[in-house]
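S.K.: Take any residue in the sequence shown, note its place counting from 1, add 46, and you have its number in my numbering.
Just so it is clear, CB atoms sit at the ideal spot from N, CA and C, and this is done for glycine as well.
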Amino acid sequence: MPFLDIMNKVRPYAAMRYHVAYTIQAGIEVALPAQRLIINTNQTVVRLQNKAPGARLFVDVPGASATALQVNAFVNFIVGHSFAFGQHRAVLNHAPWRNLYNVAPRVLAYMDSHGAAVVNPATDSVPCVDCDILLPINNITIDHQRPQNGRFEEAVCKVFRSIGLTTGRPTGPKGIHFANLHAATVGGVVGGAPIPVRVAKYTLNDMGKIYYTLAQWCGLTVNGELFNACMDHMINLRPLCHSCNTPLRNVAYF
Ligand SMILES: [Zn+2]
47 MPFLDIMNKV RPYAAMRYHV AYTIQAGIEV ALPAQRLIIN TNQTVVRLQN KAPGARLFVD
107 VPGASATALQ VNAFVNFIVG HSFAFGQHRA VLNHAPWRNL YNVAPRVLAY MDSHGAAVVN
167 PATDSVPCVD CDILLPINNI TIDHQRPQNG RFEEAVCKVF RSIGLTTGRP TGPKGIHFAN
227 LHAATVGGVV GGAPIPVRVA KYTLNDMGKI YYTLAQWCGL TVNGELFNAC MDHMINLRPL
287 CHSCNTPLRN VAYF
């Protein structure tokens, strides 16, 4: 099922629909039998509901609902900044990512073996995010930040965190930059002090549960589409030179 089909879930429909809620806690997917996602008939709002132990009825979780417009913004953020498997180097031509990592045409002058200055036409170049060496884009590697040896949920949490959908806020410049731009459009948490616990960055908040459950409901976690989209999402990609991009990076935390 294509990722865009999430939008079909939030269209008005003849019958009420609900689905058990799912989340990611400390980097691991967990089903939440005492919570569910509900969409009423003629309603283009998805809401998270709780069932207290022993209670018969589910009740709305305060502040945990998303409109069709917000779901649409979420889908666009995932799909619009992600690349097909094996095509992630295309991020080098993706304007928001280029601006953040300072990819730009530059004149790279050097001296030839006779001591004469060689000046080539301007060519796209980018600094390594770790050691700052400036390289033509053909010589840079694109590193997947999460996970190296960990679980796919880590890449999902990294992308979700950048739009305010985890209990811990982003702390890096990229996450903060994109949270300021996009979190409000999906109903994510904007700003605020980061929770100084690493686990919080890998745990979804209530709005994160809504979107993760929608994806799970549509089969996009089981078929790998959500994982692939987050793995090859601009949020999870960064420029590294060959010597900085070693297999010892990004060791799993969970
Ligand atoms: Zn480097």
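By a C-beta neighbour count over all protein chains shown, 10 Å radius and 16 as the cutoff for buried, is A298 buried or exposed?
M.R.: Per-residue confidence for A298 stands at a pLDDT of 49, beneath the threshold of 50, marking its modelled position as unreliable; no derived number is given.
S.K.: Compute the minimum distance between the beta carbon of S289 and the heavy atoms of ligand 1, and state whether it is under 7 Å.
M.R.: Yes - ligand 1 has a heavy atom lying nearer than 7 Å to the Cβ of S289.
S.K.: Are the stretch 114 to 121 and the stretch 265 to 275 touching by the rule of at least three beta carbon pairs closer than 8 Å?
M.R.: Taking 8 Å as the limit for Cβ pairs, the verdict is that the stretch 265 to 275 does not touch the stretch 114 to 121.
S.K.: Less than 8 Å between the beta carbons of E199 and G100, yes or no?
M.R.: Their beta carbons are not under 8 Å apart, which means E199 does not touch G100 by this criterion.
S.K.: In its own chain, which residues sit with a C-beta less than 7 Å from the C-beta of V172, not counting the 5 before and 5 after it?
M.R.: Hits under 7 Å: Y147, N148, V149, L181, I183, I186 and P285.
S.K.: I'd like to know whether the C-beta of D51 is nearer than 8 Å to at least one C-beta of chain D.
M.R.: No chain D is part of this structure, which consists of one protein chain only.
S.K.: Short of 7 Å in beta carbon distance, which residues of its chain neighbour F129, apart from the five on each side in sequence? Order them along the chain.
M.R.: These residues qualify, in order along the chain: A136, V137 and D278.
S.K.: Please identify the residue among V235, I188 and I70 whose C-alpha is closest to the C-alpha of S208.
M.R.: When only C-alpha atoms are compared, the closest one is V235.
S.K.: Have a look at H223 and A229 and give me their C-alpha separation to the nearest angstrom.
M.R.: Each residue's alpha carbon lies about 10 Å from the other.
S.K.: Could you tell me the distance, in whole angstroms, from the CA atom of N166 to the CA atom of V153?
M.R.: Cα-Cα distance, rounded: 6 Å.
S.K.: Starting from the C-beta of T231, find all residues in its chain whose C-beta is less than 6 Å away, skip the five residues before and the five after it, and write them out in chain order.
M.R.: For T231, where only same-chain residues beyond five positions count, the Cβ hits under 6 Å are A119.
S.K.: Considering only DSSP beta bridges, list what S128 is partnered with.
M.R.: S128 is bridged to H279.
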